[in-house]
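J.:
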Amino acid sequence: MSSLVNNREEARPVSTTTYFLGIVKQVLSGDTIVIRDRPINGPPPERTIILSNISCGRVARKPSTGIPTGTPEDPFAWEAREFVRTLLVGKEVCYSVETEQPSGRKYGCVYVGKNISGENVALSLVEQGLAEVRKLNPTVAAKNKIYQQLVTAQEQAKSLGKGRWSPNLPVTREILWSVENTRSFFESYKNRPLKAVVENVRDGCSVQVFILPESLNEKPNTFVYVTVTMSGIKSPSIRYEDGKIDSLFLAEKTWIYVYCFFQICEVGNGDNVSIKCSDGVHKFFLSSIRAPRPQTSSKEDDSSVQRGRIRPLYDIPYVFEAREVLRQFVGKQVTVQVDYIQPKTSNTVDERVCATVRADDVNLALTLVSKGLASVVRYRNANDSRSVFYGELLAAEENAQSKGLGMYSKQDPPIHRVADLTGNVAKSRQFLSFLQRAERLDGVVEFVFSASRFRIYIPRETCVITLLLGGIQCPRRGRVGPDGVALPDMPFSNEAYTFVKELCMHRNVEIKVETIDRVGNFVGYLFVDIPALSNNGPDINKSSGKKKKKRVAETTVRQKTNLTVLLISQGFGTVHRAPTTERSPHYHDMIKAEEDAKINRCGLWSSDQFVKEWEAEVQNNSDPTALSGAEDGSLIPLTGVSEYLDDLSELQLNENSDSTTVINNDNIKLSWKPVQITGISRPASGSQGLRFFAQHLSDACTLVKISQMLNSQSFPSFPSEYYPKKGSLCIACFSLDNCWYRARVIRSSPKSVTVQFIDFGNEEIIDSAEYSSRLSPLPSGPLMQLPPQMKEYRLAFVQLPPDASDRVFAERAFCDLVENKELRLAVQYESVPCGNESLKPVPAVTLLLPVADLKTSGSSVCPNDIDISESLLSNGLVCVEPIQPQLLKRLPRNLLHKYLDAQALAKKERKNIWRYGDFRADVEQL
1 MSSLVNNREE ARPVSTTTYF LGIVKQVLSG DTIVIRDRPI NGPPPERTII LSNISCGRVA
61 RKPSTGIPTG TPEDPFAWEA REFVRTLLVG KEVCYSVETE QPSGRKYGCV YVGKNISGEN
121 VALSLVEQGL AEVRKLNPTV AAKNKIYQQL VTAQEQAKSL GKGRWSPNLP VTREILWSVE
181 NTRSFFESYK NRPLKAVVEN VRDGCSVQVF ILPESLNEKP NTFVYVTVTM SGIKSPSIRY
241 EDGKIDSLFL AEKTWIYVYC FFQICEVGNG DNVSIKCSDG VHKFFLSSIR APRPQTSSKE
301 DDSSVQRGRI RPLYDIPYVF EAREVLRQFV GKQVTVQVDY IQPKTSNTVD ERVCATVRAD
361 DVNLALTLVS KGLASVVRYR NANDSRSVFY GELLAAEENA QSKGLGMYSK QDPPIHRVAD
421 LTGNVAKSRQ FLSFLQRAER LDGVVEFVFS ASRFRIYIPR ETCVITLLLG GIQCPRRGRV
481 GPDGVALPDM PFSNEAYTFV KELCMHRNVE IKVETIDRVG NFVGYLFVDI PALSNNGPDI
541 NKSSGKKKKK RVAETTVRQK TNLTVLLISQ GFGTVHRAPT TERSPHYHDM IKAEEDAKIN
601 RCGLWSSDQF VKEWEAEVQN NSDPTALSGA EDGSLIPLTG VSEYLDDLSE LQLNENSDST
661 TVINNDNIKL SWKPVQITGI SRPASGSQGL RFFAQHLSDA CTLVKISQML NSQSFPSFPS
721 EYYPKKGSLC IACFSLDNCW YRARVIRSSP KSVTVQFIDF GNEEIIDSAE YSSRLSPLPS
781 GPLMQLPPQM KEYRLAFVQL PPDASDRVFA ERAFCDLVEN KELRLAVQYE SVPCGNESLK
841 PVPAVTLLLP VADLKTSGSS VCPNDIDISE SLLSNGLVCV EPIQPQLLKR LPRNLLHKYL
901 DAQALAKKER KNIWRYGDFR ADVEQL
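Taken in order, the sequence shown gives residues 1 to 926; the numbers are from full-length UniProt numbering.
#1: Just tell me which of 174, 525, 365 has its CA closest to the CA of residue 440.
#2: I'd like to check one pair, residue 117 with residue 17: are the Cβ atoms closer than 7 Å?
#3: Whose C-beta lies closer than 8 Å to the C-beta of residue 845 among residues of the same chain, with five residues either side of it excluded?
#4: Judging by CA-CA distance, which residue of 479, 600, 343, 475 is the nearest neighbour of residue 490?
#5: Taking 7 Å as the cut-off, decide whether the C-beta atoms of residue 841 and residue 833 are in contact.
#6: Run through the DSSP bridge pairs and tell me what residue 517 is partnered with.
#7: State yes or no: is the C-beta of residue 604 within less than 7 Å of the C-beta of residue 492?
#8: Please confirm whether residue 904 and residue 876 have their CB atoms less than 7 Å apart.
#9: Would you call the region 314 to 323 and the region 409 to 423 in contact, with 3 or more CB pairs under 8 Å?
#10: Since I believe residue 764 is in contact with residue 734 (beta carbons under 8 Å), could you give me their beta-carbon distance rounded to a whole number of angstroms?
#11: Just to confirm before moving on: does the CB-CB distance between residue 929 and residue 766 stay below 7 Å?
#12: Does the pairing of the region 216 to 224 with the region 166 to 185 give three or more beta-carbon distances under 8 Å?
#13: If distances are taken between C-alpha atoms only, which option among 327, 881, 458, 467 comes closest to residue 423?
#14: What does the Cβ neighbour count give for residue 553, buried or exposed, with the cut at 16 atoms within 10 Å?
#15: Using 8 Å for Cβ pairs, my map puts residue 123 next to residue 157. What's the rounded Cβ distance?
#16: Mind checking which residues open and close the alpha helix (DSSP H) that includes residue 416?
#17: Going by DSSP in three states, residue 790 sits in which element: helix, strand or coil?
#18: Could you spell out where the alpha helix (DSSP H) holding residue 500 opens and where it closes?
#19: To the nearest angstrom, report how far apart residue 132 and residue 206 are at their CA atoms.
#20: Go to residue 272, then tell me how far its beta strand (DSSP E) extends in each direction, as first and last residue.
#21: Buried or exposed for residue 109, please, with buried defined as at least 16 other CB atoms from any protein chain shown within 10 angstroms of its CB.
#22: Please name the residue or residues paired with residue 206 in a DSSP beta bridge.
#23: With a CB to CB cut of under 8 Å and the five nearest residues on each side skipped, what residues in its chain are close to residue 351?
#24: Is the region 187 to 196 touching the region 143 to 152, taking contact as three or more C-beta pairs under 8 Å?
#25: With distance defined between alpha-carbon atoms, name the residue in 223, 874, 234, 321 nearest to residue 268.
#26: Suppose the cutoff is 7 Å on Cβ atoms and the five residues either side in sequence are ignored; what does the same chain contact list for residue 235 look like?
#27: Hey, is residue 227's beta-carbon within less than 7 Å of any beta-carbon in chain D?
#28: Per DSSP, residue 508 is paired with what?
#29: Buried or exposed for residue 918, going by 16 or more other Cβ atoms inside 10 Å?
#30: Report the residue from 348, 453, 518, 73 whose alpha carbon sits nearest the alpha carbon of residue 496.
#31: Residue 674: buried (16+ other C-beta within 10 angstroms of its C-beta) or exposed?
#32: Residues in its own chain within less than 7 Å of residue 788 by CB, not counting five upstream and five downstream?
#33: Kindly list the residues whose CB is nearer than 8 Å to the CB of residue 462, restricted to its own chain and excluding five residues on each side of it in sequence; keep chain order.
#34: Thinking just about the alpha-carbon of each residue, which of 776, 88, 389, 347 is nearest to the one in residue 362?
#35: What is the C-beta distance between residue 847 and residue 823, in whole angstroms, given that I count them as a contact (C-beta under 8 Å)?
#36: Run through the region 425 to 490 for me and flag every whole beta strand (DSSP E) of 3 or more residues, listed as ranges in chain order.
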């Protein structure tokens with residue numbers, strides 16, 4: 001006895017077999033059928049039933065990402081599938097679920113009609129010779145009446161030679177999964193009715209079909225797989241993966257089918273945009289289009305090949321033009337409709353959210369394709385997700401091809417020869433005069449490194465520069481320090497960065513270049529377009545915990561604004577008090593903006609701790625003799641300072657200054673200490689102080705003790721997990737004496753590391769192959785706690801020449817004078833940089849070579865002792881450094897007079913650096 005269940009009603013436990021009623025939705029193969037129930041309050045449940053005890057061949061599967069060539073078709077698989085499809089699709093059936101495997105496969109019987117008296121589908125397949133009966137255990141087979149019927153039907157089919165039992169060779173389908181020449185195929189069958197079988201329904205207006213051979217002029221038994229879109233109608237693009245219609249109810253939990261109305265804040269290289277949404281900034285790739293790709297070139301003089309690297313924006317044809325089209329929409333409100341999410345591949349870092357982006361009625365992807373600045377993606381599989389405007393994209397691409405627009409033009413693609421000046425000091429100095437000469441230059445912000453550091457493209461000079469905002473100090477964002485330790489964000493650093501990036505990224509700006517630093521970064525001012533606001537300072541960046549007030553813009557008039565002044569007014573920076581800043585035409589605006597920010601307690605000024613630290617720093621750095629207040633409260637700098645001198649009379653002070661108290665410091669007693677020079681600290685560029693490393697002879701016992709501790713014990717072999725990172729302390733074996741010394745890693749690469757011996761100052765490169773024998777971590781204990789025994793100094797009042805070869809001669813002469821000799825050292829001043837160098841200042845000293853033995857002379861100075869600086873000056877190897885305002889109270893008149901006389905004599909005799917005359921005027925211009 002059996003029971004029948006309809007519309008999801010479960011069987012009662014009075015029968016051995018439970019039967020269900022359903023409607024056949026799809027036939028996957030001859031023995032696999034998809035059956036659905038009637039829909040009640042939602043999508044109906046579905047079951048995939050595999051017919052028990054029989055096996056039909058597998059139909060061919062189209063190529064996909066996982067299976068590039070697809071799967072072949074078994075003989076008579078298509079015939080079996082068509083037999084069942086024509087028999088069952090759309091009809092009501094009665095079926096049972098006999099067994100269910102752990103994998104989820106369900107096996108059962110299917111009958112045509114509403115009860116089991118209907119036609120048995122499995123039996124009909126076997127009778128037609130389209131299925132083969134599986135072999136069962138004889139004991140089980142003897143008890144199964146249906147199985148006995150199947151075996152009998154198979155014997156009859158074999159005797160009649162039906163289907164797969166036919167003596168003729170089996171014939172399988174030939175399938176064209178994609179049409180190579182779609183235009184020719186369209187012209188051949190235009191306006192002709194073609195018989196086809198629908199394989200898949202993509203959406204309400206497009207299906208994927210097999211066109212049957214009787215309708216084609218192709219080879220016999222050839223099927224063509226195509227996608228057909230119904231003309232005159234349009235429906236939403238919805239994809240139900242694996243038949244899961246209920247996925248539509250989960251759309252709100254994913255990006256799919258979500259609409260956004262937000263603002264573009266950044267654009268990519270022709271195929272993506274970054275949009276500021278309510279939950280942050282998200283990147284969207286334009287659906288179904290591809291940005292221009294690099295073209296293979298056989299030219300040996302290709303600039304990108306010579307550089308050794310490719311800059312996609314400038315080197316790939318039409319990428320720059322595509323980026324410029326997208327850049328027109330930066331700052332505009334757009335509508336985003338997410339079409340699909342592209343999974344992560346080997347060529348992508350993360351999954352890509354692909355969307356249709358529209359500004360008003362302008363489709364960004366369609367605009368690029370219509371101008372020939374992007375191509376439309378050709379999908380391998382007809383059911384792949386794509387843009388809802390895919391048809392319009394194809395039509396726009398065809399129109400661009402016919403008109404020869406963009407990348408389809410027969411003319412040579414445009415070439416953008418852009419000089420990248422970032423990090424190139426020599427090239428940057430060549431461009432400096434051109435950039436300084438212009439009042440203001442138009443530019444495009446390519447990248448924002450921080451609130452005060454930008455990468456700017458200048459169309460007029462066809463160059464890319466790094467611009468640092470002058471006259472401002474902004475809080476730094478988190479970074480990795482020299483010792484490898486991560487440094488945290490300073491207060492309001494992220495707020496300042498976000499504020500500047502939203503205001504400037506990919507916007508048209510104006511810049512004014514003032515000068516250049518030692519590594520080739522340009523220093524100047526940047527002017528941006530912002531809405532003019534009525535009030536001075538916002539309340540958005542106060543950190544007091546009070547309720548924030550909203551600012552309301554009273555007008556939308558656009559005006560160019562100095563970004564430095566704007567940042568200071570928002571409390572995102574402070575005025576950098578330096579002579580160069582005080583000479584700036586924007587200095588008074590910056591001071592006023594800073595005062596307003598302090599009054600309104602904006603940004604940094606909302607922190608009482610910061611205010612106290614800032615006031616203490618200003619108090620320490622202020623010099624009443626260097627600045628005098630005017631009646632209007634402005635500050636007037638001293639004249640005649642920060643310049644090269646030839647005579648003391650050139651030092652002209654303010655009228656209210658006492659020159660005798662400023663300069664005459666000859667009576668100050670200096671502390672002379674015996675030292676030994678251990679090495680030279682080479683400068684990064686010219687016009688810097690002559691720096692060197694020295695050991696105090698009073699520390700000799702400590703040095704001996706360190707050496708004994710390091711070389712009296714055996715260190716463990718190089719651990720495999722230890723990797724020397726930049727800034728880390730270690731011990732290294734010096735190659736000349738094979739002894740161990742304390743060291744610090746100053747440069748690191750996969751092939752080698754460069755270490756500096758912290759007790760001596762010299763450096764050495766150690767290859768990775770020698771790590772195990774020459775490198776080891778510094779053991780904890782006294783060796784870790786002892787400070788470095790070498791100290792870095794520079795010669796006071798002297799400066800190296802700008803020419804590299806002249807610097808080498810000066811350093812060699814210095815080494816010849818001090819090598820392996822005991823000298824006397826006295827500190828003249830500290831924390832004062834030499835000229836315009838940006839290195840961390842070190843103590844400036846006078847170095848004497850005694851003519852008598854140090855043990856006999858003690859700490860006294862003999863008049864006949866050789867002054868190392870004077871010797872170098874008299875030989876024309878160095879020059880007197882520019883006098884900074886900080887030195888006015890510390891100038892020993894007799895010493896400086898002696899140095900100037902030695903320099904004047906060498907200059908008169910045209911020795912070494914003076915052989916072509918006075919070079920210092922050129923240095924001042926740079």
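Each residue gets a CB set at the ideal place from its N, CA and C atoms; glycine is no exception.
T.: The structure says:
#1: Within the sequence shown, numbered from 1, the residue matching residue 440 stands at position 440. Answer by Cα proximity: 525.
#2: The count along the sequence shown starts at 1 and reaches residue 17 at position 17. The count along the sequence shown starts at 1 and reaches residue 117 at position 117. It is not a contact, given that the beta carbons lie outside the stated cut-off.
#3: On the sequence shown, residue 845 is found 845 positions in, with the first residue counted as 1. Around residue 845: 793, 794, 795, 796, 825, 826, 827, 828.
#4: One-based indexing of the sequence shown puts residue 490 at position 490. The candidate whose alpha carbon is nearest that of residue 490 is 475.
#5: One-based indexing of the sequence shown puts residue 841 at position 841. One-based indexing of the sequence shown puts residue 833 at position 833. Taking 7 Å as the Cβ cut-off, residue 841 and residue 833 qualify as a contacting pair.
#6: As a first step, residue 517 is located in the sequence shown; it is residue number 517 there, counting from the start. Residue 517 is not bridged to any residue.
#7: Taking the first residue of the sequence shown as 1, we reach residue 604 at position 604. Taking the first residue of the sequence shown as 1, we reach residue 492 at position 492. A contact, by the Cβ cut-off of 7 Å.
#8: For the purposes of this step, residue 904 is identified with residue 904 of the sequence shown, where counting begins at 1. For the purposes of this step, residue 876 is identified with residue 876 of the sequence shown, where counting begins at 1. Against a cut-off of 7 Å, the Cβ pair of residue 876 and residue 904 comes out as no contact.
#9: yes
#10: Along the sequence shown, read from residue 1 onward, the residue named residue 734 stands at position 734. Along the sequence shown, read from residue 1 onward, the residue named residue 764 stands at position 764. So it is a contact: roughly 7 Å between Cβ atoms.
#11: No answer is possible for residue 929: it lies beyond the span of the chain, which begins at 1 and ends at 926.
#12: yes
#13: Position 423 of the sequence shown, counting from 1, holds the residue named residue 423. Of 327, 881, 458, 467, the residue nearest in Cα terms is 467.
#14: Here the question's residue 553 lines up with position 553 in the sequence shown. Here the model assigns residue 553 a pLDDT of 37, short of 50, so the residue's position is not dependable, and the following value carries that caveat. When all chains shown are included, residue 553 counts as exposed.
#15: Taking the sequence shown and counting its residues from 1, one reaches residue 123 at position 123. Taking the sequence shown and counting its residues from 1, one reaches residue 157 at position 157. At roughly 11 Å, the Cβ-Cβ gap does not stay under 8 Å, so residue 123 and residue 157 are not in contact.
#16: Numbered from its first residue, the sequence shown carries residue 416 at position 416. Counting along the chain, residue 416 falls outside any alpha helix (DSSP H), and DSSP gives it neither H nor E.
#17: Along the sequence shown, one-based indexing puts residue 790 at 790. Note: residue 790 maps to strand in three-state DSSP.
#18: The sequence position of residue 500 within the sequence shown is 500, counting from 1. Per DSSP, residue 500 belongs to the alpha helix (DSSP H) from 493 to 504.
#19: Translated into positions along the sequence shown, residue 132 becomes position 132. Translated into positions along the sequence shown, residue 206 becomes position 206. About 36 Å.
#20: Taking the sequence shown and counting its residues from 1, the one referred to as residue 272 is at position 272. Residues 272 to 277.
#21: As a first step, residue 109 must be located in the sequence shown, where it is residue number 109. Burial call: buried.
#22: Here residue 206 is taken as the residue at index 206 of the sequence shown, counted from 1. Partner(s): 203, 229.
#23: Locating residue 351 in the sequence shown gives position 351, counting from the first residue. Correct list, in chain order: 341, 342, 343, 344.
#24: no
#25: For this step, residue 268 is matched to residue 268 along the sequence shown. Checked all of 223, 874, 234, 321; the closest Cα to residue 268 is 321.
#26: Walking along the sequence shown from the start, residue 235 turns up at place 235. The answer, listed in chain order, is 203, 204, 205.
#27: The question asks about chain D, but that chain is absent: this structure has only one protein chain.
#28: In the sequence shown, the residue the question calls residue 508 occupies position 508. Its beta-bridge partners are 444.
#29: By one-based count along the sequence shown, residue 918 stands at place 918. Exposed, since its Cβ has fewer than 16 Cβ neighbours within 10 Å.
#30: Position 496 of the sequence shown, counted from the start, is the residue given in the question as residue 496. When each option's Cα is compared against that of residue 496, the closest is 453.
#31: As a working mapping, residue 674 is identified with position 674 in the sequence shown. Looking at its Cβ environment, which holds 16 or more other Cβ atoms inside 10 Å, residue 674 is buried.
#32: Residue 788 sits at position 788 when you count from the first residue of the sequence shown. Closer than 7 Å at the Cβ level, and outside the excluded window around residue 788, lie 758, 759.
#33: Start at 1 with the first residue of the sequence shown, and residue 462 comes out as number 462. Once the five neighbours on either side are set aside, the close Cβ partners of residue 462 are 416, 417, 418, 419.
#34: What you label residue 362 is simply residue 362 of the sequence shown in a count that begins at 1. Looking at the Cα atoms, 389 is the closest of the given residues.
#35: Looking up residue 847 in the sequence shown gives position 847. Looking up residue 823 in the sequence shown gives position 823. At roughly 6 Å, the Cβ-Cβ gap stays under 8 Å, so residue 847 and residue 823 are in contact.
#36: 441 to 450, 453 to 458, 463 to 469
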